[in-house]
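Report on the structure given below.
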């Protein structure tokens, strides 16, 4: 079979309702903000996708995918080598229950195998043949019912943005809200109010979520639970594991095994 295109533009206006693209990126690769005609299911068979859309940041591991509606502006950064498998769906072929905003999707064993297989399917596949059945089944297997555990609200206020960008880069920074207020010239009370207004959660909750999400690529790269917990600012691996289970639903080792 001839090698398929890795240019997303080649998959937007084709005759078939579904099209699948495979691509690989090194760690730290950045894809600038863009959008396209077709809706998209982003799945990384390997590595983690850090994706931004609508003032939110998603850290998508191989156990999940990210749904992006038609014409949804988004950008991406890779953590570890990312083996990307993308399904593009014509808006007319999207299911009636398709979300109109980005959302993480659980990857079942069946959906995973279908997505991997889709990378080998030609753009001009036979809609009535086996390849057409696989593509239709992928569309039917997408499940949006699970809670979105892998995203974080991103503020617009420049003062909060400074704090959040720093904490994302240095998750082990343990400065208090009062200390941050002194640095950026905002009272503790005002900064607390702004955090809830712009992110929907408290400063403490935002930092905990940010730390756990920052730990995902560390764990998947082979770092131990102890090393990851210290790297993101926890004093003990037990405290880290407890918060990880609270936010992700599984202990770190259980998550990796899944």
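In the working numbering, the protein residues as written are 1 to 258.
Think of the CB as a built atom: it goes at the ideal place given N, C-alpha and C, for glycine as much as any other residue.
| Item | Value |
| --- | --- |
| Buried or exposed for residue 233, going by 16 or more other Cβ atoms inside 10 Å? | buried |
| State the CB to CB distance for the pair residue 18 and residue 89, rounded to an integer number of angstroms; the pair is presumed to be in contact (CB under 8 Å). | 6 Å |
| Which ranges would you report for the beta strand (DSSP E) in the segment 139-163 if only whole runs of at least 3 residues count? | 151-153 |
| In whole angstroms, what is the alpha-carbon distance linking residue 59 and residue 182? | 30 Å |
| To the nearest angstrom, report how far apart residue 1 and residue 118 are at their CA atoms. | Residue confidence for residue 1 is low, a pLDDT of 41 falling below 50, so the modelled location carries little weight and cannot support an answer. |
| Looking only at DSSP bridge pairs, what is residue 57 linked to? | 52, 152 |
| Which same chain residues, not among the five before or five after residue 80, have their C-beta less than 8 Å away from its C-beta? | 27, 46, 47, 48, 217, 220, 221 |
| Counting only runs of 4+ residues fully inside the segment 175-227, write out the alpha helix (DSSP H) ranges in chain order. | 177-184, 188-199, 203-220 |
| Can you have a look at residue 37 and say buried or exposed, based on whether 16 or more other CB atoms are within 10 angstroms of its CB? | exposed |
| State buried or exposed for residue 103, treating a residue as buried only when at least 16 other CB atoms are found within 10 Å of its CB. | buried |
| Where does the unbroken alpha helix (DSSP H) through residue 246 begin, and where does it stop? | 237-248 |
| Using 10 angstroms around the beta-carbon of residue 20, count the other beta-carbons present and answer buried if the total reaches 16, otherwise exposed. | buried |
| Using only the alpha-carbon positions, how far apart do residue 34 and residue 148 sit? | 23 Å |
| Among 111, 227, 225, 158, which has the Cα closest to the Cα of residue 198? | 158 |
| Just verifying my parser: in three-state terms, what is the DSSP assignment at residue 257? | helix |
| What number of angstroms, rounded off, separates the C-alpha of residue 225 from the C-alpha of residue 241? | 8 Å |
| Measure the Cβ-Cβ separation of residue 212 and residue 160 and say whether it is below 8 Å. | no |
| Helix, strand or coil: how does DSSP classify residue 44 here? | strand |
| Along the alpha helix (DSSP H) that carries residue 116, what are the first and last residues, could you check? | 109-118 |
| Helix, strand or coil: how does DSSP classify residue 1 here? | Per-residue confidence for residue 1 stands at a pLDDT of 41, beneath the threshold of 50, marking its modelled position as unreliable; the derived number appears in the next sentence. Residue 1 falls in the coil class under three-state DSSP. |
| Would residue 66 pass as a contact of residue 51 if the rule is Cβ separation under 8 Å? | yes |
| Please state the DSSP three-state secondary structure of residue 229. | helix |
| Measure how close the beta-carbons of residue 153 and residue 185 come, nearest whole angstrom, since I'm counting them as under 8 Å. | Not a contact, Cβ separation roughly 23 Å. |
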